[in-house]
Each structure stands twice: as structure tokens, then as C-alpha cells.
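**Q**
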Amino acid sequence: MNKNALIILIRNPQLGCVKTRLAAEIGEESALKVYMALLDYTRSIASEIDSSRLLFYSDFIEENDSWNPRLFTKFLQKGNSFGARMCRAFELALKDHERAVIIGSDCEELTPKIIRDAFNILSEFDVVLGPAKDGGYYLMGLKKIYPELFTNKQWSTSSVLDDTLQDIKKLGLSFYFLPTLSDIDDFEDFKNSKLCKKILLS
């Protein structure tokens, strides 16, 4: 059994249900196209990681999609908040693994090296965080569950990283920050991304 588990949280790619802030500017079909491109990128980098790969769908498990079941073990997200779903995914991963790193599917700047670095750094630190420029985080790494990190947060706001860091300090945990990267959530993010040119030219 691999000691490392990479958790990937995704939304089922359905029209009108993904990238809603971006869709308000570019339309639902274009927003879905952007999200599909982000999923393709996330799948590509995750496939390069030597770890167990645990894929968690938001609404239902898609058996015959582009995520090869020989490479990705598929689960359904469970919990009545984003924090609860993250915590549940970590609980499942850490039952059988020593280290777990969780990512989403919104960051085109994330690289396999950053993910590998996160696993390595967990050997020395309790928590690894990848700060996002919008005030959230694109990655978290843990060796043990700390429920406080997943409660009393206003998810998808600029306070998430600071609130998480306060909880880490209250718990007396050691932590390490990876490079700060950009997520693609709204039109401002999108127009400044590499993905923008690819989508517009395709």
C-alpha cells in the first residue's frame, strides 16, 4: 500500500452547475468548457503522482468518464458543507495512508512538483498549505485529522486561509506554506490565465 494519498475533489461537469461566477460573464456553455479544460489539466498532473489517487465527485460517481478507474479510485463526497466533505475525504484517506494531500480542480498553475513537495514536507510539518491569491488555498496536506480546520469557515471567501491559519496556531501545529498560486473562479481570474487564450482560440 502506498503511504501517500492524493485526494481530488471535483464537481460533476454539468451545464449550469460549474463555474457559476464565471458563467455570469461568459455564459454557461463557455464556463463548462473552461471547467472541462481544468479537469483535463488536473487529471494530467494527478496521473504523474506516485500515490494512491482518490477522486471524489460532488453529486454522483461517473463510471465511464475520462478518469481511468485503474488510476483513480472513485468516491462520492459526503457532508453538508464543503468543510465537512473535505474532512470526510481526509478521514477516508488517512485510514490506510500516512500522508494525504487534497486538491481541487481550479488551479492551472499547480504542478506535479508542488504536489510531490507537499508530501515530502509533511515528513517534517503537521500541515502543508498552498495559498491561493484569492485568500483561500488550493492544497492542504495532513498526517492526522484536525476537525477544527474544517469548521466555522466562510468557504469561497477571502478569509478562509487566515481563519485556517488561526486554527492551526491555536492547535499548536507546525505548518509550511507552498508557493502562492491563482485559482480560476471568476472572469478576472480567467482573463489573466493561460487557459483563456486556449479556450478563445479553440
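Using our numbering, read the sequence shown as starting at 1444 and increasing by one per residue.
Idealized CB from N, CA, C, for every residue including glycine.
Keep in mind the model is a prediction, meaning the values are calculated, not measured.
Helix or strand or just coil, what does DSSP make of K1613?
**A** In this structure, K1613 counts as helix in the three-state DSSP scheme.
**Q** Am I right that V1603 and Y1619 are in contact with their C-beta atoms under 8 Å? What's the rounded C-beta distance?
**A** Incorrect: roughly 18 Å between the Cβ atoms, too far for contact.
**Q** Nearest to T1485 by CA position, among E1631, I1557, T1623 and N1563, is which residue?
**A** With distances taken between Cα atoms, T1485 lies closest to I1557.
**Q** Give me the DSSP bridge partner(s) of G1573.
**A** DSSP output for G1573 lists L1582 as bridge partner(s).
**Q** Let's test the definition: count the other Cβ atoms within 10 Å of the Cβ of G1573 and tell me whether it reaches 16, buried, or not, exposed.
**A** Buried.
**Q** Does the count of Cβ pairs from the segment 1589–1608 and the segment 1547–1555 closer than 8 Å reach three?
**A** At 8 Å Cβ cutoff, the stretches do not touch.
**Q** By Cβ distance below 6 Å, which residues in the same chain neighbour L1452 in space, the five residues on each side in sequence not counted?
**A** Cβ neighbours of L1452 beyond the five flanking positions: F1499 and G1547.
**Q** Short check: CB of K1588 to CB of F1533, under 8 Å?
**A** Checking the sequence, you will find Ile at residue 1588 rather than Lys. In this structure, F1533 lies closer than 8 Å to I1588 by Cβ.
**Q** Going by other Cβ atoms of all chains shown within 10 Å of its Cβ, with 16 needed for buried, is N1523 buried or exposed?
**A** By the 10 Å Cβ count, N1523 comes out exposed.
**Q** In whole angstroms, what separates the C-alpha of N1447 from that of A1489?
**A** Rounded to whole angstroms, N1447 to A1489 spans 13 Å at the Cα level.
**Q** Per DSSP, I1450 forms a beta bridge with which residues?
**A** BP columns for I1450 point to L1497 and I1545.
**Q** What does the alpha-carbon distance come out to for the pair A1543 and A1536?
**A** Between A1543 and A1536, the C-alpha separation is close to 6 Å.
**Q** How is the beta strand (DSSP E) around F1593 delimited, first residue to last?
**A** Here F1593 belongs to no beta strand (DSSP E), and DSSP marks it neither H nor E.
**Q** Alpha carbon to alpha carbon, what distance is there between K1576 and E1505?
**A** Rounded to the nearest angstrom, the two C-alpha atoms are 31 Å apart.
**Q** Quick one: give me the first and last residue of the alpha helix (DSSP H) that K1462 is part of.
**A** Element bounds for K1462: n/a, residue is neither H nor E.
**Q** Check each candidate in C1550, L1585, R1559 and F1518 and name the one with the smallest Cα separation from H1540.
**A** Taking only the C-alpha atoms, the option nearest H1540 is L1585.
**Q** What whole-angstrom Cβ distance do F1515 and R1496 have, given they're in contact under 8 Å?
**A** Sure, about 5 Å apart at Cβ, within 8 Å.
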